[in-house]
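In order, the protein sequence lines correspond to chains Z and G. For our numbering, add 1398 to where a residue sits in the first sequence, where the first one is 1. For our numbering, add 1398 to where a residue sits in the second sequence, where the first one is 1. Where a beta carbon is used, it is the ideal one built from N, C-alpha and C, also for glycine. Since the structure comes first, as structure tokens, the remarks are kept for the end.
2 protein chains.
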Amino acid sequence: MREVAIAGVGVVPVREHWERSLRSLGVEALRSALIDAEADSADTLYVGNMCGGMLSGQTHLGALIADYAGLHGIETVRVEAACGSAAAALRQAVLAVASGAVEVAVALGVEKLTELSGEAVTHALATAGDADYEGQMGLSFVALNALVMQRYIHEYGVPKDAFGAFAVLAHDNATRNPHAMFNDMRVTSEQYARARMVASPINLLDSSPIADGAAAVVVTSKDYARRHTPRPVSLLSCEIGTDTLSLHDRESLLWLKGVERSTKRALDRAGKSHGDIDLFELHDAFSIMAALSLESSGFADSGHGVQMAQDGELSIRGRLPISTFGGLKGRGHPVGATGLYQVVEAVQQLRGDAPSDIQVDGARVAMTQNIGGSGATVVSTVLERS
Amino acid sequence: MREVAIAGVGVVPVREHWERSLRSLGVEALRSALIDAEADSADTLYVGNMCGGMLSGQTHLGALIADYAGLHGIETVRVEAACGSAAAALRQAVLAVASGAVEVAVALGVEKLTELSGEAVTHALATAGDADYEGQMGLSFVALNALVMQRYIHEYGVPKDAFGAFAVLAHDNATRNPHAMFNDMRVTSEQYARARMVASPINLLDSSPIADGAAAVVVTSKDYARRHTPRPVSLLSCEIGTDTLSLHDRESLLWLKGVERSTKRALDRAGKSHGDIDLFELHDAFSIMAALSLESSGFADSGHGVQMAQDGELSIRGRLPISTFGGLKGRGHPVGATGLYQVVEAVQQLRGDAPSDIQVDGARVAMTQNIGGSGATVVSTVLERS
């Protein structure tokens, strides 16, 4: 396999973009990534998207967005792994370049959720779980996560209010991130404790906001990047691990085997260990997912993920900064685009381009982790400063 | 890039499988392909599917089907390019193996259309076109193809009844194919001339039947296949070409640039020319698409595709047999699975395993061509007997 690099990145701010379409968001992120890479064109485009068919009446996004972005005729397909779609698209771009079949690939994640009613969105998101055994029971995505959080509190005796540390941290970082949805909304532990309940024990500040957005990265061989682009970042690995779709099929609600598998594969292929990771963009769709990601990835002992947040270890100046641009909680969670926001942000950290208050000093190696469903598809990516 | 082979194939008969689910169809095809390859497991699974989210309330099919097929924990994603989804999944399997990242990949196409009303299916299929410019105008898929066929008849002066030759040929071949939906329904030119109009000038016998089905192939490196599987077939190339989603953006309604691009790329990479192709499994979703595929691929002059069918050149003993197992018209068209039915059938031809009446004598090289939308994504695959 050829060595691979990220040659350019681009994002659209995460917002409720009521006036814009799926294609318009996708084209903007794609074009800005190409400009950042100083690339005129690309050989292939992978579009990560979850809900286009269900909410916008639009499948077949690869050919549509390639055409509108001025890449008429190139190879392109859409890749889907629920909320893990964007990083799954990156994985395909990496394989395409690694194979030698193409020189310049673009991975784009794009999602437009403000199209129909909230009910339609809830239904669309529930398709990420097992439709026959979970969806049919009326289990929405927040309900699934509430079951897991309840079990966590019961099993480990962690007080509910302790989870507030994740919300405080994420919102604090998001205020420094211009592309964050909540870039002007700090929250306190007191606000967390008073927040409206959504599905007990998950309250409003445990939940990331769904939103519209698009993020793109340009992937090339390392050699090509060195010759053609100003500031490449090495992509050491991008690896997928999976688990059962439904929660009831798992040995434990509190251990994400997909996370464990994906992390191990990504670190092994990158030749890195946990101690090498300078920052970790994890998938904090709900605060319980942040805790479980830390634990199942091997960065925290079981039942101790929340404590890490409370102790300040996960803050920008802490031992393992997470959600440095606000994470899913503060930046916002346009589901099929999220995984590439994480990668773009990690690239900005490694380039030293993050806004000063959220720049991780001397960041050399970053890991991102994008999760589909309640942990059934997990994509972990390890990046290194060139 | 490593050389790649198809080590095993499996299908579920194309039917209205009212009593079965998406996962059940997918698992059956996948398992039978693994058994055919004499493989115990696979490293990665690409699931081609178009309508799962819209019709079955189920996205995230990669992890779901991998788990139910006994491949728990492996890498897997879903790939979508409308009706071209299955062959697009094959392309990803080829890249994964060619890169050296994996040894055994499975490409699976699966579709379940008998879930909701015909109206819901018509809507879901229309998402393959441009939702904002075609779908919003009420243009269903058959309507788009009717516009093209009308133009063809006008431009080239081909009588409408001449198209019947495609239906007669496809249904004749399908009667010999046990996995065909219409394996007991021969049709005549007279029946074609009397067939009920669907969207003028497209009648019922111009249209392939949508249906449920699943087809899978096991892809490995050529070396691995030689050592581990009984009857590998060489996969020389699998290449995607694209075009605009909407018809109105094209220079001509009668020239499929995606087909031209994909065919050229596939033949070039395979090191083959048109004369080397012993059979061509084309995408005859409508008889007009069969004609345009022949022409835009370079197998027929413009306006002469229909004549080829009338002259018998496309029959099993003709110069370029097409739709040898009945094509989309006779085998049936489970949209996101179709592209892999084509590949499975081509493999059966090259192994000499086709039922005797439809076996192409001495077939050495086959091309398959799977089309998404009205020609926006085209995947052409060239296979050779080992």
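Taking residue i as the reference, which of the options has the closest Cα?
i, options, result
"ALA1688 (chain G)", "G:THR1442, G:THR1627 and G:LEU1726", "G:LEU1726"
"VAL1777 (chain Z)", "G:VAL1777, G:LEU1453 and G:GLU1473", "G:GLU1473"
"GLU1785 (chain G)", "G:ILE1608, G:VAL1410 and G:ALA1593", "Since the first residue of chain G shown is 1399 and the last is 1784, residue 1785 (chain G) is not available in this structure."
"ALA1597 (chain Z)", "Z:SER1497, Z:LEU1459, Z:ILE1686 and Z:HIS1626", "Z:ILE1686"
"ARG1354 (chain Z)", "Z:LEU1643, Z:SER1700 and Z:LEU1634", "Nothing can be reported for residue 1354 (chain Z): it is not among the residues displayed for chain Z, which extend from 1399 to 1784."
"LEU1781 (chain G)", "G:ALA1707, G:VAL1615 and G:LEU1432", "G:VAL1615"
"ILE1551 (chain Z)", "Z:ILE1769, Z:ALA1529, Z:GLN1767 and Z:LEU1690", "Z:LEU1690"
"ARG1734 (chain Z)", "Z:MET1399, Z:GLU1401 and Z:LEU1423", "One detail in the question is off: residue 1734 (chain Z) reads as Gly in this sequence, not Arg. Among Z:MET1399, Z:GLU1401 and Z:LEU1423, the Cα nearest to that of GLY1734 (chain Z) belongs to Z:LEU1423."
"ALA1432 (chain Z)", "Z:PRO1630, Z:HIS1702 and Z:GLY1562", "The sequence shown places Leu at residue 1432 (chain Z), not Ala. Comparing Cα-Cα distances from LEU1432 (chain Z) to each of Z:PRO1630, Z:HIS1702 and Z:GLY1562, the minimum goes to Z:PRO1630."
"LEU1511 (chain Z)", "Z:SER1772, Z:GLY1710, Z:THR1736 and Z:VAL1763", "Z:THR1736"
"LEU1603 (chain G)", "G:ALA1568, G:GLY1611, G:ARG1429 and G:VAL1617", "G:ALA1568"
"SER1671 (chain Z)", "Z:ALA1496, Z:VAL1502, Z:VAL1763 and Z:ARG1549", "Z:VAL1763"
"GLU1436 (chain G)", "G:HIS1626, G:ALA1774 and G:GLU1517", "G:HIS1626"
"GLU1711 (chain G)", "G:ALA1752, G:VAL1758, G:ASP1751 and G:GLY1728", "G:VAL1758"
"ALA1487 (chain Z)", "Z:VAL1477, Z:GLY1773 and Z:VAL1495", "Z:VAL1477"
"ARG1400 (chain Z)", "Z:SER1619, Z:ASN1581, Z:ALA1578 and Z:ARG1413", "Z:SER1619"
"GLY1728 (chain G)", "G:ASN1601, G:VAL1412, G:VAL1502 and G:GLU1532", "G:VAL1412"
"LEU1459 (chain Z)", "Z:VAL1445, Z:ARG1715, Z:GLU1501 and Z:THR1520", "Z:VAL1445"
"SER1786 (chain G)", "G:ARG1594, G:SER1713 and G:ASP1666", "Missing from the structure shown is residue 1786 (chain G); chain G here goes from 1399 to 1784 and no further."
"THR1442 (chain Z)", "G:THR1775, G:THR1779 and G:SER1784", "G:THR1775"
"GLU1426 (chain G)", "G:GLU1414, G:ALA1612 and G:ILE1714", "G:ALA1612"
"ASP1438 (chain Z)", "Z:LEU1680, Z:ASP1755 and Z:GLU1501", "Z:GLU1501"
"GLN1708 (chain G)", "G:ASP1559, G:ALA1440, G:ALA1668 and G:ALA1496", "G:ASP1559"
"GLY1771 (chain Z)", "Z:VAL1402, Z:CYS1636, Z:THR1642 and Z:ASP1530", "Z:THR1642"
For residue i, return the contacting residues in chain Z, with the cut-off set at a CB-CB distance below 7 Å.
i, result
"SER1419 (chain G)", "ASP1530"
"ALA1494 (chain G)", "LEU1493"
"MET1452 (chain G)", "GLY1451 and MET1452"
"MET1547 (chain G)", "Within 7 Å Cβ-Cβ: nothing; MET1547 (chain G) doesn't reach chain Z, min ~21 Å."
At what residues does the alpha helix (DSSP H) containing residue i begin and finish?
i, result
"ILE1769 (chain G)", "That residue, ILE1769 (chain G), is in no alpha helix (DSSP H); its beta strand (DSSP E) goes 1763–1770."
"VAL1657 (chain Z)", "1655–1668"
"GLU1517 (chain Z)", "1516–1524"
"VAL1425 (chain G)", "1420–1434"
Closer than 7 Å by beta-carbon distance: list the chain G residues that pair up with residue i, in chain order.
i, result
"GLN1456 (chain Z)", "THR1525 and ALA1529"
"ARG1659 (chain Z)", "GLY1471"
"LEU1643 (chain Z)", "HIS1458, ALA1461, LEU1462 and ASP1465"
"GLN1490 (chain Z)", "GLN1490"
"MET1448 (chain Z)", "THR1457"
"ALA1804 (chain Z)", "Any question about residue 1804 (chain Z) goes unanswered here, given that chain Z covers just 1399 to 1784."
Where does the unbroken beta strand (DSSP E) through residue i begin, and where does it stop?
i, result
"THR1779 (chain G)", "1775–1783"
"LEU1634 (chain G)", "1631–1640"
"GLU1478 (chain G)", "1473–1478"
"ALA1613 (chain Z)", "1610–1619"
"LEU1677 (chain G)", "1677–1679"
"GLY1673 (chain Z)", "Run containing GLY1673 (chain Z): none; DSSP gives neither H nor E here."
"GLY1406 (chain G)", "1402–1413"
"GLU1509 (chain Z)", "1502–1509"
Cβ closer than 8 Å: which chain Z residues qualify as neighbours of residue i?
i, result
"THR1640 (chain G)", "GLY1460, ALA1461, ALA1464, ASP1465, HIS1470, GLY1471, ILE1472, GLU1473 and THR1474"
"ALA1480 (chain G)", "THR1457 and HIS1458"
"GLY1771 (chain G)", "HIS1458 and ALA1461"
Anything in chain G within Cβ reach of residue i, meaning under 8 Å, just list it in chain order.
i, result
"THR1775 (chain Z)", "HIS1458, GLY1460, ALA1461, THR1474 and VAL1475"
Closer than 9 Å by beta-carbon distance: list the chain Z residues that pair up with residue i, in chain order.
i, result
"MET1399 (chain G)", "SER1497, GLY1498 and ALA1499"
"GLY1533 (chain G)", "GLY1455 and GLN1456"
"LYS1510 (chain G)", "Going along chain Z, no residue has its Cβ under 9 Å from LYS1510 (chain G), so there is no contact; the nearest lies around 11 Å."
Any chance the CB of residue i is under 7 Å from a heavy atom of the ligand NAD?
i, result
"GLU1473 (chain Z)", "Here there are no bound small molecules, and the ligand NAD is not part of this structure."
By the criterion of Cβ-Cβ separation under 9 Å, what are the contact partners of residue i in chain G?
i, result
"LYS1655 (chain Z)", "HIS1470 and GLY1471"
* Are the region 1581–1589 of chain Z and the region 1737–1745 of chain Z touching by the rule of at least three beta carbon pairs closer than 8 Å? -> no
* **At least 3 beta-carbon pairs within less than 8 Å: the region 1541–1560 of chain Z vs the region 1483–1494 of chain Z** => no
* the region 1405–1414 of chain G / the region 1502–1512 of chain Z touching (three or more Cβ pairs under 8 Å) -> no
* Below 8 Å, can you find three or more Cβ-Cβ pairs linking the region 1666–1678 of chain Z to the region 1745–1763 of chain Z? -> yes
* the region 1693–1700 of chain Z in contact with the region 1648–1664 of chain Z per 3-pair CB rule at 8 Å -> yes
* To do: Quick one: which unbroken beta strand (DSSP E) runs of 3-plus residues sit fully inside the region 1531–1608 of chain Z? Chain order, please.
  => 1595–1597
* Where are the beta strand (DSSP E) runs, 3 residues long or more, that stay fully inside the region 1446–1498 of chain G, in chain order? -> 1473–1478
* Can we say the region 1707–1727 of chain Z touches the region 1571–1581 of chain Z, given the rule of at least three CB pairs closer than 8 Å? -> yes
* Touching or not, the region 1412–1419 of chain G and the region 1486–1499 of chain G, by the rule of three or more beta carbon pairs under 8 Å? -> no
* To do: Count the C-beta pairs between the region 1448–1455 of chain G and the region 1520–1532 of chain Z that are closer than 8 Å, then say yes if the count reaches three, no if not.
  => yes
* Output the residue ranges of the alpha helix (DSSP H) runs that lie fully inside the region 1676–1757 of chain Z and measure 4 residues or longer, sorted by chain position. => 1685–1694, 1703–1708, 1725–1729 and 1736–1749
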